[in-house]
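Student: Under our numbering, the sequence shown has 192 at position 189, and the numbering climbs by one with no breaks.
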Amino acid sequence: MSTGEKQFDLARISRRFPLLVENLAKLPNREAHLARIHELESRWQAFRENPEKSEEVVFFDAAPDDSKIDGEFDLVYAGGTLGLLHAAVMALKYGRKVLVFDAHAVGRTHRDWNISDAELGEFVRAGLFTADELETAIVNRYRTGFIKFYDRHSRVKTPPLFMDNVLDVALDADRLLELAAKKLKKTESKIIGHLRLTRVFVDRERTLVECADAKTGRRKIFAARIFVDATGTNSAVSRQLNGGRSITHVCPTVGTVARGFRRGDQADEVDFAVGEILVSTEDSADGRQLIWEGFPGSERRDEYTTYLFFYDSVESKADKSLFRLFEEYFEKLPQYKARNGAWRVVKPVYGYIPSVHHRGWSNRKRTAADRVLLVGDAAGLSSPLTFCGFGSHVRNLCRLTDLTESALRENAVDEKSLSTINAYEPRVAQMASLAEFMRPAGNGRAAAVNETMNAVMAALGSLDPEIGRAMFQDRISFAAFRKLLLKTARLHPQVFKKMFDHLGLKGAFWWIANIAEAALDERKTPSARSF
């Protein structure tokens with residue numbers, strides 16, 4: 004079976020991926036999770052097989068055959084995860100009438116979230132949650148966190164780099180989304196689950212958003228001043244706007260929330276007061292550098308989240324199957340963390356996390372069209388070093404919702420105006436190219452990624468801790484980035500050769516151009532944005 008086939012076949016999946024199926028066996032919704040993984044992978048496979056192909060979803064100066072309207076709104080959102088948070092601010096703070104729909108349940112995610120308290124404050128500033136409400140969604144706070152790359156075969160060896168106030172707050176993502184949904188339902192806005200986007204018709208006065216019931220196929224049409232696409236990595240709208248090339252890099256990610264890890268302070272034990280931000284336990288193989296994350300959840304419930312992922316170019320030949328990565332996850336987990344006899348999965352976590360490398364003097368990805376706006380992973384403009392659109396979305400929430408309100412108030416709903424409503428900043432582009440070092444070069448040594456990242460972490464360890472925090476929150480200044488590069492080059496002189504190996508001459512030029520753009524942007528706006 005090709006896992007890219009559209010038909011979900013549990014028996015065949017069980018034969019091909021026995022460890023995954025066995026470890027999910029006791030979950031009441033096991034089959035639903037496997038079907039969701041299959042759906043994500045099928046969409047990814049379709050994208051890979053036809054990278055230039057894009058389905059036409061948005062139609063301009065056209066209308067559906069039957070334009071009976073089922074509801075009129077200021078904003079209609081497709082996608083009920085990050086889109087729900089944006090929509091809730093628009094409804095609660097600005098009094099806008101919004102609709103949020105999703106092909107699955109609105110307010111449910113197949114990933115967990117970590118963030119910092121400073122970043123969480125953005126929700127309070129946006130008027131979405133109070134500090135007390137946020138506390139009900141927080142399951143743990145860590146004393147610190149660390150990064151450690153495998154160095155057995157590395158010429159650069161470095162101890163764990165400890166970092167405070169980075170991804171040190173563990174959230175119950177579904178609880179946070181539930182809070183937002185409850186608030187939204189108290190307004191004149193609406194939430195509809197199991198409704199699939201089919202087409203969007205744009206004219207000078209409004210957009211008509213055509214949907215189909217995921218179970219019955221019954222069609223509905225909603226009118227909006229702006230349509231917001233928040234459907235994630237494989238957004239059909241994003242692919243159409245970008246000629247099929249909506250992302251350039253991807254991070255296949257799998258893991259579990261589980262109970263029964265052995266506790267202690269050894270490397271293979273878990274400490275519920277310490278987050279493991281990035282950890283590798285082996286050198287690269289098969290064109291991939293596998294990396295772990297370990298984030299303690301509720302200590303009372305003994306829940307600990309582990310992720311296994313790798314960072315790669317969309318065009319590489321490395322296997323990006325979530326099913327196969329899950330099988331490797333269960334094979335390799337004992338090398339990372341020891342389990343006791345009562346170990347069991349509470350829920351799987353998984354997804355394809357997108358990123359875009361900007362090769363030019365400005366943001367080249369289209370994140371808007373007339374009356375159409377992309378947000379979250381559909382826009383895909385966060386730094387890949389953060390490995391999640393959630394943090395970027397939260398850090399920019401006040402700014403993005405304020406700009407959206409301005410667009411509605413001033414009727415500035417053309418593509419040029421809406422294109423300014425995104426999370427892109429020049430410093431994100433410079434960090435995206437740095438993340439290239441986290442994937443192996445075609446002819447490089449197996450230890451090359453770990454060696455380079457050990458040099459980067461050693462450099463960070465010798466600098467002001469604030470530089471490391473800024474780097475992992477997409478806000479590192481040009482001056483700090485320059486210090487990091489120079490320090491890394493002193494520790495690991497081959498780093499610039501590796502840059503050319505990874506990026507090529509043209510890519511290296513654009514990375515330098517992105518760094519120059521960040522420097523110029525910083526000079527124009529010396530008080531850089533911070534949350």
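Ideal placement from N, C-alpha and C gives every residue a C-beta, glycine not left out.
1. Secondary structure at Ala227, three-state DSSP: helix, strand or coil?
2. Going by C-alpha distance, which of Gly290, Tyr353, Leu170 is nearest Phe475?
3. If you check the beta carbons only, do Glu136 and Leu400 fall under 8 Å apart?
4. By the DSSP assignment, the alpha helix (DSSP H) with Gly246 in it spans what residues?
5. From Tyr314, Ala449, Ala482, pick the residue whose C-alpha is nearest to that of Thr256; which is it?
6. When you measure from the CB of Thr112 to every non-hydrogen atom of the ligand SAM, does any distance come out below 7 Å?
7. Provide the residue(s) that pair with Thr455 in DSSP beta bridges, ordered along the chain.
8. In whole angstroms, give me the CA-to-CA distance for His113 and Thr259.
9. Ignore the nearest five residues each way along the sequence and tell me which others in Lys218's own chain have a CB closer than 8 Å to its CB.
10. Suppose only complete runs of 3+ residues qualify. What are the beta strand (DSSP E) ranges in the region 143 to 177, listed by chain order?
11. To the nearest angstrom, report how far apart Ser249 and Asp286 are at their CA atoms.
12. Taking only the alpha-carbon atoms, compute the straight-line gap between Lys419 and Asp373 and give it to the nearest angstrom.
13. What three-state label does DSSP hand Leu315 in the structure shown?
14. How far does the alpha helix (DSSP H) with Tyr332 in it extend, from its first residue to its last?
15. DSSP beta-bridge partners for Pro299?
16. What are the boundary residues of the alpha helix (DSSP H) that His252 is part of?
17. Measuring alpha carbon to alpha carbon, tell me which of Tyr145, Glu191, Lys193, Phe503 ends up nearest Leu174.
18. Within its chain, find whatever has a CB closer than 7 Å to the CB of Ser570; leave out the 5 residues flanking it on each side and keep chain order.
19. Return yes when the Cβ of Thr404 is within less than 8 Å of the Cβ of Val92, no when it is not.
20. Out of curiosity, what's the CA-to-CA distance linking Ile280 and Ala176?
21. Using the DSSP secondary-structure output, state which residues sit across from Asp216 in a beta bridge.
22. Count the other CB atoms within 10 Å of the CB of Ala270; is the residue buried (16 or more) or exposed (fewer)?
23. Less than 8 Å between the CB atoms is what I'm expecting for Asp469 and Arg158, so what's the real figure, rounded?
24. In or out: His41 buried (at least 16 other Cβ within 10 Å) or exposed?
25. Do you know offhand how far Arg488's Cα is from Ser283's?
26. In the DSSP output, what is Gly279 paired with across the bridge?
27. Compare the C-alpha of Lys223 against each of Ile195, Ser241, Gln243, Gly246 and name the closest.
28. Quick check: Gly110 and Leu180, are their CB atoms within less than 8 Å of each other?
29. Below 8 Å on the Cβ atoms is my contact criterion, and I expect Leu244 with Arg369 to pass it. Report the Cβ-Cβ distance as a whole number of Å.
30. Just curious, the beta strand (DSSP E) that Asp71 is in, first and last residue?
31. Excluding five sequence neighbours on each side, which residues of the same chain lie with their C-beta closer than 6 Å to the C-beta of Met4?
32. Give me the Cα-Cα distance between Ala321 and Arg442, rounded to the nearest whole angstrom.
33. For Ala239, which residues of its own chain have a beta-carbon under 6 Å away from its beta-carbon, when the five flanking residues on both sides are left out?
34. Could you tell me if Ala482 is buried or exposed, where buried requires 16 or more neighbouring beta carbons within 10 angstroms of its beta carbon?
35. Taking only three categories from DSSP, how would you classify Thr6?
36. State yes or no: is the C-beta of Leu102 within less than 8 Å of the C-beta of Phe225?
Tutor: Straight from the coordinates:
1. strand
2. Leu170
3. no
4. Taken as a continuous stretch (DSSP letters only), Gly246 belongs to no alpha helix (DSSP H), as it is neither H nor E.
5. Tyr314
6. This structure does not include the ligand SAM; it has no bound ligands of any sort.
7. Note: Thr455 sits in no beta bridge, so no partner.
8. 10 Å
9. The residues His197, in chain order, have a CB closer than 8 Å to that of Lys218 in the same chain once the five nearest residues on each side in sequence are set aside.
10. 147 to 151, 164 to 166, 172 to 174
11. 30 Å
12. 8 Å
13. Residue identity differs from the one stated: residue 315 is Asp in this sequence, not Leu. Strand.
14. 325 to 339
15. Tyr307
16. No alpha helix (DSSP H) contains His252, which is instead part of the beta strand (DSSP E) from 252 to 264.
17. Closest option to Leu174, Cα to Cα, is Tyr145.
18. Outside the shown range of the chain (4 to 534) lies residue 570, about which nothing can therefore be said.
19. Cβ atoms of Val92 and Thr404: closer than 8 Å.
20. 18 Å
21. Paired residues: Leu198.
22. exposed
23. Here residue 469 is Glu; the residue named in the question, Asp, does not match the sequence. At roughly 29 Å, the Cβ-Cβ gap does not stay under 8 Å, so Glu469 and Arg158 are not in contact.
24. buried
25. Correcting the residue identity first, residue 488 is Leu in this sequence and not Arg. Cα to Cα, Leu488 sits roughly 22 Å from Ser283.
26. Reading off the sequence shown, one finds Glu at residue 279, where the question assumed Gly. Answer by DSSP bridge pairing, in chain order: Phe149, Gly297.
27. Ile195
28. yes
29. Rounded, the Cβ-Cβ distance is 4 Å, consistent with contact.
30. Going by the sequence as given, residue 71 is Lys instead of Asp. No beta strand (DSSP E) holds Lys71; DSSP gives it neither H nor E.
31. Reliability fails at Met4, whose pLDDT of 36 lies under 50, so the model's placement of it is uncertain and the value that follows must be treated cautiously. Excluding positions up to five away in sequence, the list reads Arg15.
32. 11 Å
33. Within the same chain, Ala239 has close Cβ partners Glu58, Val60.
34. exposed
35. Here Thr6 scores only 44 on pLDDT, less than 50, and its place in the model should not be relied on; the value that follows carries that caveat. Reduced to three states, the DSSP call for Thr6 is coil.
36. Yes, Cβ-Cβ distance for Leu102 and Phe225 is below 8 Å.
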